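Colleague: Using the working numbering, you'd call the opening residue of the sequence shown number 7 and step up by one each time.
Input: one structure, supplied below.
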Amino acid sequence: MLNPEKIADKLKKLRGAKTQKEVADAVNISVSAIAMYETGKRIPRDKIKVALARYFDKTVEEIFF
């Protein structure tokens with residue numbers, strides 16, 4: 007089962023010094039969506055999981071499972 011808090015922590019660490027806007031623009035989603043993922047309020051849809059994994063050069067499994 008997916009753990010929103012762990013996913014949020016991983017996404018925040020991966021983003022590092024980049025802004026939420028930079029990541030959002032790169033994967034074509036809203037800043038508010040990134041903010042919700044990083045606070046554990048939402049888990050991205052599969053298509054967004056893949057886009058985030060590609061952007062951060064990680065596998066979907068590394069980030070979300």
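From the three backbone atoms N, C-alpha and C, an ideal C-beta is built for every residue, glycine too.
A quick note: this is a predicted structure, and the numbers were derived from the prediction, not measured.
1. Take the Cβ of residue 71 as the centre, count every other Cβ of all protein chains shown within 10 Å, and call the residue buried at 16 or more, exposed below.
2. Once the 5 residues before and after residue 37 are set aside, which same chain residues still bring their CB inside 6 Å of it?
3. Once you ignore the five residues that flank residue 55 on each side, which residues in its own chain have a CB closer than 6 Å to its CB?
4. Which of helix, strand or coil does DSSP assign to residue 27?
5. Please look up how many angstroms separate the CB atoms of residue 23 and residue 45, rounded, as I've assumed it's under 8 Å.
Modeller: So, from the data block:
1. Exposed is the call here.
2. 26, 27, 30
3. Answer for residue 55: 66, 70, listed in chain order.
4. helix
5. Incorrect: roughly 19 Å between the Cβ atoms, too far for contact.
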